[in-house]
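Q:
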Amino acid sequence: MNLFNSILTSIVIVVIFWACAFFQTSIAHAIQHKEVGASLELSKKANAEKVKVHKTALDNAELVNESITKIINFSGIKQRIYLEDTPQLWQRFNSDTKIHKLLKQQPKQIFVTYSALSKDFKQADVAIGYNVIELSKFDSHHTIEMHRLKRLLAKGKYSDSALTDAWKSIDYNKAIDYVLEVHDLSNGTDIESTQLFVAYK
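So the sequence shown is numbered by the working numbering: it starts at 132 and just counts up by one.
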C-alpha cells in the first residue's frame, strides 16, 4: 500500500471529523435520496408484480427486484481505537502478512469503516480490509449495505479542502452508524482514488 497516502488521508479525516462534530451548527441539512424506479413484467403468470431499479452507491449497477439489496462484505483487521491512532492501525494493516497472503489476486479496493463512535467522538471501532471475494478464506467479515449509504464524495482524487467540505456535509444532529471510505487501488498497491459515504441509524 502507499502508506504515506493512507496515513495522510486518515489524519485529515480525523481532524475534520473532530472539528465538524464539536463545532457544527444545528442547521438542518436537506437530504434528497434519488432512486430510479421502473416497473417490469416478469412473466405472464406474474405480470402484476413490480420491481424497482436502484442505483447502487458504488457502481450504479441496476438491481432488479426490491428484495435484492447489494451487500459488500469485507475482512481484515478491526480495533477500537482513539481516532488519533488511525495511522498506526493503517501501519498494522499494511504489515499484516496473514491477510495479504490470503489474497487470491491483486486487490481492487480497500474498505475502511468508522463505527460505534463514542459520545465525545474520540473513539471508534475502525475496520480496514478487502472484499471477501478477493480472499481465499476469512475468519470474520464486516457488512456494508449499499442502499443505506449517503454519498459524500464520488470516486476521484481530492484536495484537503475537498475532503474538509465532504466531512462538513455529515449531519451530526443524526445518529451516525458508520462512515465508510472506499479506496480504489492501482496495481493492487497504490491508492488512486477515494470515495466517502455515511450511514445513519
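Even for Gly, the Cβ is constructed at its ideal location relative to N, Cα and C.
For Ala-330, count neighbouring C-beta atoms within 10 Å of its own C-beta (all shown protein chains included) and say buried if the count is 16 or more, exposed if not.
A: Here residue 330 corresponds to residue number 199 of the sequence shown, with the count starting at 1. Burial call: buried.
Q: Expressed to the nearest angstrom, what Euclidean distance is found between the alpha-carbon atoms of Tyr-261 and Ile-203?
A: One-based indexing of the sequence shown puts residue 261 at position 130. One-based indexing of the sequence shown puts residue 203 at position 72. C-alpha separation (whole angstroms): 10 Å.
Q: Helix, strand or coil for Gln-326? Go by DSSP, reduced to three states.
A: Here the question's residue 326 lines up with position 195 in the sequence shown. It is a strand residue.
Q: Considering Cα atoms alone, identify which of Thr-295, Gln-222, Ile-208 is closest to Leu-283.
A: Translated into positions along the sequence shown, residue 283 becomes position 152. Residue Thr-295 is the option with its Cα nearest to Leu-283.
Q: Taking only runs that begin and end inside the segment 195–227, name each unbroken alpha helix (DSSP H) of 4 or more residues, in chain order.
A: The qualifying runs are 217–225.
Q: Does DSSP put Leu-248 in a helix, a strand or coil?
A: For this step, residue 248 is matched to residue 117 along the sequence shown. In the structure shown, Leu-248 sits in coil (DSSP, three-state: anything other than H, G, I, E or B).
Q: What would DSSP say about Ala-306, mapped onto helix, strand or coil?
A: To locate residue 306, count along the sequence shown from 1; it is residue 175. Coil at Ala-306, not helix or strand.
Q: Hey, Gln-254 and Tyr-213: beta-carbon distance below 7 Å or not?
A: For the purposes of this step, residue 254 is taken as residue 123 along the sequence shown, with counting starting at 1. For the purposes of this step, residue 213 is taken as residue 82 along the sequence shown, with counting starting at 1. Yes, the pair counts as a contact, with Cβ atoms nearer than the cut-off.
Q: Go ahead and pull the three-state DSSP assignment for Thr-274.
A: On the sequence shown, position 143 is the one that residue 274 refers to. Residue state, collapsed to three classes: strand.
Q: Please name the residue or residues paired with Glu-312 in a DSSP beta bridge.
A: As a first step, residue 312 must be located in the sequence shown, where it is residue number 181. DSSP, once it has assigned bridges, lists Val-243, Leu-327 as partnering Glu-312.
Q: Leaving out five residues before and five after Leu-233 in sequence, what residues of the same chain have Cβ atoms less than 8 Å from its Cβ?
A: Here the question's residue 233 lines up with position 102 in the sequence shown. For Leu-233, where only same-chain residues beyond five positions count, the Cβ hits under 8 Å are Leu-266, Ser-267, Lys-268, Phe-269.
Q: In this structure, does DSSP put Lys-281 in helix, strand or coil?
A: As a first step, residue 281 must be located in the sequence shown, where it is residue number 150. Strand.
Q: Within 10 angstroms of the Cβ of Ser-157, are there 16 or more other Cβ atoms? Answer buried if so, exposed if not.
A: Against the sequence shown, residue 157 aligns to sequence position 26. Below a pLDDT of 50, predicted positions are generally treated as unreliable, and Ser-157, at 43, falls in that range; no measurement from the model is reported.
Q: Could you tell me whether the segment 223–237 touches the segment 297–306, using the rule of 3 or more Cβ pairs below 8 Å?
A: Touching, no, given that fewer than three Cβ pairs across the two stretches are closer than 8 Å.
Q: Give me the residue from Ser-249, Gly-287, Tyr-309 with the minimum Cα distance to His-273.
A: Working through the sequence shown from its first residue, we reach residue 273 at position 142. The shortest Cα separation from His-273 among Ser-249, Gly-287, Tyr-309 belongs to Tyr-309.
Q: Confirm, please, whether the CB-CB distance from Pro-218 to Leu-316 is below 7 Å.
A: Position 185 of the sequence shown, counting from 1, holds the residue named residue 316. Position 87 of the sequence shown, counting from 1, holds the residue named residue 218. Going by C-beta atoms, Leu-316 is not nearer than 7 Å to Pro-218.
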